[in-house]
Structure formats: C-alpha cells, structure tokens
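Student: Below you will find the structure I want to go over with you.
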Amino acid sequence: MNKEETLDRLKEIVKPYTNNDVAFENFTADTDFIADLNINSANLVDIILDVEDAFAIHIDNESMEKMLDVKSTLEVIETKLSEK
Amino acid sequence: MIGNDIVDLALARKESNWRRPGYLEKIFTNEEQFLISNAKNPEIMVWNLWSRKEAAYKIYNRQTGIRAYIPTQLACVYDNENSGSVQCHGNTYYTKTEITKEKIHTVAVTQQRDFSEIKMEKPLAKIHKKNGIPFVNYARDAEKPISISHHGRFIAWVAMD
Chain V
1 MNKEETLDRL KEIVKPYTNN DVAFENFTAD TDFIADLNIN SANLVDIILD VEDAFAIHID
61 NESMEKMLDV KSTLEVIETK LSEK
Chain X
1001 MIGNDIVDLA LARKESNWRR PGYLEKIFTN EEQFLISNAK NPEIMVWNLW SRKEAAYKIY
1061 NRQTGIRAYI PTQLACVYDN ENSGSVQCHG NTYYTKTEIT KEKIHTVAVT QQRDFSEIKM
1121 EKPLAKIHKK NGIPFVNYAR DAEKPISISH HGRFIAWVAM D
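Listed in order, the protein sequences are those of chains V and X. Just so you know, we're using the numbering used here here: the first sequence kicks off at 1 and counts up by one. Just so you know, we're using the numbering used here here: the second sequence kicks off at 1001 and counts up by one.
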C-alpha cells in the first residue's frame, strides 16, 4: 500500500466521526482531527479501533498519544505495518 | 487553573458505542473499568469518568503545553459520583461533577479552595485563543484563563473570579 492509498483509507475511516464538512473536503496530512474536523475526543478511540481493524495492526498506548492529526496517524500506521 | 467538560447524554448515546469491544480498555485504567462494570448505571459511570479526564486534561494541556491523547494516563480517583480527583504525571486535579438526566458536567481545579472562586456565566468580554487555549480579558483586568466546553445542546464556561 502506498502513502496515497493509506491516506485515502484513513479518510474513509475518519468520515463518519467528522463534524466539519468543509475541512473534510480538504483532508490532507496536515488535517487535525480535533481543531479542523471538530471530532469529539471520545470518538478518537473509535478511529483508533477502526484503524486497527482496517490495517490489522495493534496500536499501543504510546503510539495512540500522537494520533491527533492525519500526519501522526499515517506515521503510526506505517511503523506498525513495517513491524509486521 | 481550571478546566471543564460537558457531556450531552443524548448526543453521547448517538455518537459513541462504549460497549464496542476494545473501547473501554483503550481509555480507562483497570480501576476505572472495575468501577464501570460494577456501577448501577454503567453508562453514567463511563461519561462521568470521561468528563473528569477531559476537564483535567484541559488543565494539564494549559500547564504543560503538551497536546496528546492520553486518557489512561489521566487516572481518576473516585470518591463518589460528584467528587474526586485525577492524577496525571505527578499532578493532582480536583474534580466536581454534576449529573442530571440530560447531561454530565465536570469542573476541575488545581487546588480545592479554587472551587469557591469559580465563575460560570458566559463572559461579556472577548475570548481569544493562544495555541488553541482560550483566555478572556475582563475590564481593566489582566487576561484570565477560561475553559469552554461544548457538546450537543450544552455549552459551559468556567473561569476563576
């Protein structure tokens, strides 16, 4: 899976939790889940669980700490996939 | 220092399925999971503990400038349904929680005596943000920290008098 495919897949995962359609249309690596997409912090855990399922990876608490924006989430996914 | 968090229970029911496998384990400590599974009303316990963590995190974020998703590192010490504290990296944040049928609202402070100086009206003065953290300028006063929480039908402002 290349970077673009991972980003697209993450975008699909994040979609149902998004509360800002305009920011979602402009989804990039710089998008922040809370500041830009207005995602409720109680839904960040859903994104983490969905990412685990979609990529068949386990996200430990230390990795989870950084998952507040797209860029950090992509980094966590890549790291976990490379460790498989 | 202050922080606050409000949960609209109707919206929480719609937005979050906390019974989803793996959900509670990602955000609650073992002790908190025990409180939830033994609670008369587990749903209220989930959002009660969650609002404490969020309110405490807002102080932690203001104090340290650190932004991170660390729900299990914000550990609730549960005295009763309305009061307790949250421990995070050696800091203690005291919490008071109000529960109604419609919502759960927690206010967190760094010192117990701060509870008596809390102001909860919507400020007339302008609110501005620095690094995403809100402040308010009261007339002729220096800027003061303010905590704003908005969820569904409810919004709450908490500042120190």
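Quick reminder that beta carbons are idealized off the backbone N, C-alpha and C, glycines included.
Cβ of Ile48/V less than 9 Å from any chain X Cβ?
Tutor: True, the Cβ-Cβ gap to chain X drops below 9 Å.
Student: Can you list the residues of chain V that Ser1163/X reaches, using a CB-CB cut of under 7 Å?
Tutor: There is simply no residue 1163/X to check, as chain X begins at 1001 and stops at 1161 in what is shown.
Student: By the 10 Å Cβ neighbour count, where 16 or more other Cβ atoms means buried, how is Ala1055/X classified, buried or exposed?
Tutor: Classification for Ala1055/X: buried.
Student: Can you confirm whether Glu75/V, when its beta carbon is compared against all beta carbons of chain X, has any partner nearer than 9 Å?
Tutor: For Glu75/V, the answer is no, since every Cβ of chain X falls outside 9 Å of its Cβ.
Student: With DSSP run on the structure shown, which of helix, strand or coil describes Gln1087/X?
Tutor: Gln1087/X: strand per DSSP, three-state reduction.
Student: Can you find the residues in the same chain that come closer than 8 Å, C-beta to C-beta, to Met1045/X, ignoring five residues on each side of it along the sequence?
Tutor: Here the set comprises Leu1035, Ile1036, Ala1039.
Student: Let me check one thing: in DSSP terms, what residues is Ser1147/X bridge-paired to?
Tutor: Val1158/X, per the DSSP bridge assignment.
Student: Could you check whether the stretch 1059-1072 of chain X touches the stretch 1012-1019 of chain X, counting it as contact only if at least three pairs of C-beta atoms, one from each stretch, sit closer than 8 Å?
Tutor: These segments do not touch.
Student: Please determine, among Val70/V, Glu65/V, Ser72/V, Asp69/V, the residue with the shortest C-alpha to C-alpha distance to Tyr1069/X.
Tutor: Of the listed residues, the one whose Cα sits closest to Tyr1069/X is Glu65/V.
Student: In chain V, which residues lie less than 8 Å from Ala1068/X when you measure between Cβ atoms?
Tutor: By Cβ distance, chain V contributes Glu65, Lys66, Leu68.
Student: Does the beta-carbon of His1105/X have 16 or more other beta-carbons within 10 angstroms, so that it is buried, or is it exposed?
Tutor: By the 10 Å Cβ count, His1105/X comes out buried.
Student: Can you give the beta carbon distance from Val1077/X to Lys1053/X, rounded, assuming they're within the 8 Å contact cut?
Tutor: That belief does not hold up - the Cβ atoms of Val1077/X and Lys1053/X are roughly 12 Å apart, past 8 Å.
Student: Is the Cβ of Ala35/V closer than 9 Å to any Cβ of chain X?
Tutor: By this cut-off, Ala35/V is an interface position.
Student: Given that Asn61/V touches chain X, what residues does it touch there, using C-beta distances under 7 Å?
Tutor: Residues of chain X passing the Cβ test: Thr1072.
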